[in-house]
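Take a look at the structure below.
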Amino acid sequence: MTLTVAHITPLISLVAGLLILIAPALLNYIAAIYPIVAGAVRLKTRELTREAAGASGSRTGSLCGTQAAALKSQLKVFLRSRSS
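Next comes the structure, spelled out in structure tokens:
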């Protein structure tokens, strides 16, 4: 099995969960550090994806206009249902 950047976030989650089970006093620190590390990994993954797509000129990970409009309308419906 080859370990890639996509495998890092689930591994971090697993280690964090085990640490919380072993030493619950670390919960505050783990809860503060996990989003920082996971976000950094995601940014690096996005950067690597853009570099790989740079030669072909494609924009991987971006939404087309139709997808963005559909998500926007779904968000509006969700927010209306929450306010009612």
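Note that this note's numbering has the sequence shown beginning at 371, numbered continuously upward. Each residue gets a CB set at the ideal place from its N, CA and C atoms; glycine is no exception.
Please work out which residues of its chain come closer than 6 Å, Cβ to Cβ, to residue i, disregarding the five sequence neighbours upstream and downstream, and give them in chain order.
i	result
Ala376	none
Quick one: what's got a C-beta closer than 8 Å to residue i's C-beta in the same chain, skipping five residues either side?
i	result
Leu389	Leu396, Ile400
Alpha helix (DSSP H) containing residue i: first to last residue?
i	result
Leu381	378 to 392
Could you tell me which of the options sits nearest to residue i, measuring between CA atoms?
i	options	result
Val407	Arg416, Ile382, Cys434	Ile382
Only counting the same chain, and skipping five residues up and downstream in sequence, which positions put a Cβ closer than 7 Å to that of residue i?
i	result
Ala393	none
Thr379	Ala408, Val411
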